[in-house]
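In the numbering used here, the protein residues as written are 154 to 258.
Here the structure comes first, spelled out in structure tokens, and everything after it is commentary.
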């Protein structure tokens, strides 16, 4: 979220959209902004520890690496959509936990 807000801030009419849906045993959260986007060639690197595109030491390169670690530890996934246009889009998929015998709606 912080990255999305910072990226969109330079636009004349910045926006960040968060949406979610549940499909059976998984929940999907999408975070989309109208910032400059993530170039296809770095989409695979942005989850590496200490990788940053921010100039002058303003970013540590740990935010997305930590997010990736936390999400994958609980059986989920996080990815950058390399085909998204007009900004950036990240998708987080998480397993839903339900009490035994309960139904997920």
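Just so you know, even glycine gets a beta-carbon here, dropped at the ideal spot from N, CA and C.
Residue span of the alpha helix (DSSP H) that contains residue i, given as start and end
i, result
"residue 219", "216-226"
"residue 160", "155-161"
Test item: CB-CB of residue i and residue j under 8 Å
i, j, result
"residue 245", "residue 171", "no"
"residue 243", "residue 221", "no"
"residue 240", "residue 190", "yes"
"residue 223", "residue 179", "no"
Opening and closing residue of the beta strand (DSSP E) in which residue i lies
i, result
"residue 200", "Where residue 200 is concerned, there is no enclosing beta strand (DSSP E), given that its DSSP letter is neither H nor E."
"residue 164", "Element bounds for residue 164: n/a, residue is neither H nor E."
"residue 186", "179-186"
"residue 208", "Here residue 208 belongs to no beta strand (DSSP E), and DSSP marks it neither H nor E."
"residue 193", "Element bounds for residue 193: n/a, residue is neither H nor E."
Close-in-space but distant-in-sequence residues of the same chain around residue i (CB under 6 Å, 5 per side omitted)
i, result
"residue 217", "199 and 200"
"residue 205", "212 and 214"
"residue 169", "157, 158, 161 and 186"
"residue 184", "157, 171 and 243"
Alpha-carbon to alpha-carbon, residue j and residue i
i, j, result
"residue 249", "residue 174", "11 Å"
"residue 176", "residue 163", "35 Å"
"residue 236", "residue 188", "15 Å"
"residue 225", "residue 231", "8 Å"
"residue 195", "residue 203", "13 Å"
"residue 197", "residue 219", "15 Å"
"residue 234", "residue 193", "9 Å"
Buried versus exposed, by CB contacts within 10 Å (16 or more), residue i
i, result
"residue 227", "exposed"
Own chain partners of residue i with C-beta closer than 7 Å, once the 5 adjacent residues on each side are dropped
i, result
"residue 238", "none"
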